[in-house]
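Undergrad: Numbering of the sequence shown is given in the working numbering, commencing with residue 1 and proceeding in unit increments.
Positions of the beta carbon are idealized from the N, C-alpha and C atoms, including for glycine.
The model shown is predicted, which means the values in this text are computed figures rather than measured ones.
Below: one structure in structure tokens.
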Amino acid sequence: MALDTPLRRLFDYLPPAPAGAGPEPLPGMRVRVPFGRQRLVGTVVAVTDSSELPPERLKPILEVLDATPLFDAHALELILWTADYYHHPIGEVLAGAIPKALRLGVGATETEEHWTVTPAGAAAHAAGEPRRAKNQRALLEVLIAAGGSARAALLDERGENWREAARALQARGFAGRSVAALERAAGTVRVRAAGPTLMPEQDDAVQQVGAAFGRYAAFVLEGVTGSGKTEVYLRLSERALAAGCGVLVLVPEIGLTPQLVARFRERFEAPLAVLHSGLTDAERLAAWRDARTGRARLVLGTRSAVFAPVADLGLIVVDEEHDGSFKQHEGALRYSARDLAVMRASLAHVPVLLGSATPSLETLHNVDAGRYLRLRLLRRPGESRPPLLKLIDLRSSAVESGLATPAALAMQRHLEAGGQVLVFLNRRGFAPTLLCTACGWIAPCRDCDARLTVHLAAARLRCHHCGAEAPLPQRCPQCGFAVKPVGQGTERIEAALAARFPTVPIVRLDRDVVRKRGDLEQVVHRMVSGEARILVGTQMVTKGHDFPNLTLVVVLNADQGLFSTDFRAAERLAQTIVQVAGRAGRGTRPGEVLIQTEFPQHPLLQSLLEKGYDGFAATALEERRQAEWPPFSRLAAVRASARTREAALGFLAEARASGERHAAGLRLLGPVPAAMAKRAGRFHAQLLVESRERRALHRFLERWVAEIGALKSAQRVRWALDVDPLELF
Ligand code: ADP
Ligand code: ZN
Ligand code: ZN
């Protein structure tokens, strides 16, 4: 039995007494059990007839909460595997995999309340009774008009307070109330509109994946944005649905991919379960139930939807598989939903399709190793030329407000030719620094090793790491002299472009603009409709929007990713450039992409320019092989934070000492303070373990995690294990 406790173990209980009362507890069902003085909701993981404890010390289950298991066998296996692989308490993994209401013991199946007229009630009604109670008579009227019975929800919709009348009718024996489990018929699925005729590459992809239905196989669908990947997802979903199977589609961030959800809604007339972090508890429970009963055959969601109970799962799709959002990098359980999706596919014997314009190096390595099959969409429908990439040397051109002269001239040209322009800068706000020109004071965050970003329109200073805010000072708090914003943010670029192109409408897309549902769609709409001609944006613009009239992309600063201590920084930069470049020239117009840099000779930029993402990936993988970084080795990080630097580092030093005793064949690296050691008032540090071999790493972690948890110094820190960390801060 798994209980939601931080203990890394299962608990044994006896079946409920008396035997035979209520459903038999089976794996995947929730039960209520005594735990010390409390009563907890737990989930049965296995049923055995032996225990390490003597029978007299075992307590019986109090109550079995589910009539059927919450999870099918594969989903439960996935959860057990997750606990094992990420060395996390099983009870917490299970609790995290279900909606909150279910953790508290709410029924897994939806129930429905009905009110029905009794024969006595019908007779009374015919005789014009009850004469004096107007409300009761009206309600009888409604029930009879509805065929003698109505759902409570329907009566609620009528708005009046009908319950009092209903209870009175019940007392008179004129009406009865019943509550039944709602057995909604499995949603019927209809294809609204046939898709376009597939291009040969799309057709080939659909055939190959389709041929793998009913068994595990992993595919990588590689194609730039607009190459028709979504169309392939839709066709394969159609096949799976026609075969009576459910489909699970994972996306990085639902708010940023409304278009994908819309495409599924457009294509299929079928209930869709959409699961993401923006839902209320009630919405999440409803979506989860729909997925489990099969009412919704299509389940779309972010990270945690990988655990969703999809009835008769037949296909898994992971869109934008390279996206870092698939990795949970906060909290206690740090899992990769992409990797878990592949594991789930293998447990459930179904194909999984990983789509991306820029597959991660891990995924490409799996292709090289023969574990995944690569399918490529080379052409865009109706157009074949990829956009032209060019570098602009920032050292030899005049630069005004972050924009080099050649880039400004190109903008002019494209705008005059009727095209639209995207200006990309991965930094929101007005300026990243506020500087005193007299004494050199820089506005710092009190709680982080970071500068405060100037937000001019809001007249605020904000920390992008901890959220701290302060009013924007007019004078230096240190010497009283004038202060000035230094550097470029999207807000400033937007203002500079408005001054340079005064007649051209501009829109901006970043987290400051997109604050609530619908904001994003509005910005996208202004571009798509042609109302706006210039789009200034951050990373947000890279996510799956279609701007058919966009012909020029300017990347203002490519240099942030070139010289980082994180071995994945180059990969992320290349992916960003390719994704941003993918916005240009999507209609029939050819696109142009200008990348501003101070390092035009950098080998990464050169390989990207000359050989595209493929060439870059080959070079980068070779570098990783030589340096023995993942995917050529396995990593795990222990991250710790504490009020003081000493506590964080001291804990990790002890953890290292303890691990060293059984770390033969592994490398322990650190502890080191994080690149930004102080964040939100806490000091962050990490310790890395590297292993050539996955198995050896996990054998080591198994023992080590228990040792670390038992350290005295562990009490003074917050720590978490991160298996396969994505970012090495
Ligand atoms: P991606 O998911 O790779 O960005 P989409 O599937 O969204 O690509 O396709 C881009 C555009 O091309 C969409 O408007 C889509 O309707 C259209 N499209 C896709 N496949 C075809 C096809 N075979 N014939 C015509 N148009 C297509
Ligand atoms: Zn000063
Ligand atoms: Zn801060």
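#1: Quick check on the DSSP output: the alpha helix (DSSP H) that includes Lys134 runs from which residue to which?
#2: The beta strand (DSSP E) that contains His455, what's its start and end?
#3: Leaving aside the five residues before and after Ala496 along the sequence, list all residues of the same chain whose C-beta is less than 6 Å from its C-beta, in chain order.
#4: At which residues does the beta strand (DSSP E) containing Gln743 begin and terminate?
#5: Would you tell me roughly how many angstroms separate the C-alpha atoms of Val117 and Leu14, rounded to the nearest one?
#6: Say yes only if the C-beta of Met199 is nearer than 7 Å to one or more non-hydrogen atoms of ligand 1, and no if none qualify.
#7: Is there a Cβ from chain D that is less than 8 Å from the Cβ of Cys466?
#8: How many Å lie between Ser384 and Val541 at the Cα?
#9: May I ask which residues mark the beginning and end of the beta strand (DSSP E) holding Trp441?
#10: Taking 8 Å as the cut-off, decide whether the C-beta atoms of Ile392 and Ala345 are in contact.
#11: Is it true that the CB of Leu340 sits closer than 8 Å to the CB of Val306?
#12: Could you tell me whether the stretch 227-244 touches the stretch 198-206, using the rule of 3 or more Cβ pairs below 8 Å?
#13: Tell me the rounded alpha-carbon separation between Arg703 and Lys59.
#14: Measuring straight from C-alpha to C-alpha, what distance separates Ser178 and Ala153?
#15: Tell me which residue opens and which closes the alpha helix (DSSP H) that Ala620 is part of.
#16: Which word fits Gly36, buried or exposed, when buried means at least 16 other C-beta atoms lie within 10 angstroms of its C-beta?
#17: From Met1 to Ala308, what distance separates their C-alpha atoms?
#18: With the cut-off set at 8 Å, would you say Arg645 and Gln686 are in Cβ contact?
#19: Would you kindly work out how many angstroms separate the C-alpha atoms of Arg695 and Val504, rounded to a whole number?
#20: Should Pro196 be listed as close to ligand 1, given that the test is whether its C-beta is under 7 Å from any heavy atom?
#21: Between the Cα of Thr82 and the Cα atoms of Thr293, Tyr233 and Met343, which residue gives the shortest distance?
#22: Flag Ala438 as yes when its Cβ comes closer than 7 Å to any non-hydrogen atom of ligand 2, and as no otherwise.
#23: Taking Gly91 as the reference, which of Asp4, Gln715, Pro603 and Ser50 has the closest Cα?
#24: Just to check, is the beta-carbon of Ala443 closer than 7 Å to a non-hydrogen atom of ligand 3?
#25: At 3 residues or longer, what runs of the beta strand (DSSP E) sit wholly inside the stretch 531-592?
#26: May I ask you to check if the CB of Cys466 is nearer than 7 Å to at least one heavy atom of ligand 3?
#27: Among residues of its own chain, excluding the 5 on either side of Leu726, which ones have a beta-carbon nearer than 6 Å to its beta-carbon?
#28: Per DSSP, Glu113 forms a beta bridge with which residues?
#29: State whether the stretch 651-660 contacts the stretch 604-615, with contact taken as three or more CB pairs (one from each stretch) at a distance under 8 Å.
#30: Could you name the residues of the same chain whose beta carbon sits closer than 8 Å to that of Ala417, not counting the 5 residues immediately before and after it, in chain order?
#31: Measuring alpha carbon to alpha carbon, tell me which residue in Asp449, Ile442, Asp447 and Ile534 is nearest Phe424.
#32: Does the count of Cβ pairs from the stretch 521-528 and the stretch 553-569 closer than 8 Å reach three?
#33: Between Val483 and the rest of its own chain, which residues show a CB-CB distance below 7 Å, the 5 nearest in sequence each way excluded?
#34: If you measure between the beta carbons of Leu669 and Leu649, is that distance less than 8 Å?
#35: Asp204: beta carbon under 7 Å from a heavy atom of ligand 1?
#36: Quick check: what's the CA-CA separation for Gly582 versus Ile98?
TA: Well, looking at it:
#1: Lys134 to Ala145
#2: Thr453 to His455
#3: Ser401
#4: The chain is shown from 1 up to 729; residue 743 falls before or after that span and cannot be answered.
#5: 45 Å
#6: yes
#7: Of the protein chains in the structure, only one exists, and it is not chain D.
#8: Legend: pLDDT at Ser384 = 49, less than 50; position of this residue unreliable, no value from coordinates given.
#9: Taken as a continuous stretch (DSSP letters only), Trp441 belongs to no beta strand (DSSP E), as it is neither H nor E.
#10: no
#11: yes
#12: yes
#13: 30 Å
#14: 13 Å
#15: Pro603 to Ala627
#16: exposed
#17: 20 Å
#18: no
#19: 59 Å
#20: yes
#21: Met343
#22: yes
#23: Asp4
#24: no
#25: 534-537 and 550-555
#26: yes
#27: Gly324 and Lys327
#28: Val179
#29: no
#30: Thr551
#31: Ile534
#32: no
#33: Leu434, Leu435, Cys436, Pro473, Arg475 and Cys476
#34: no
#35: no
#36: 37 Å
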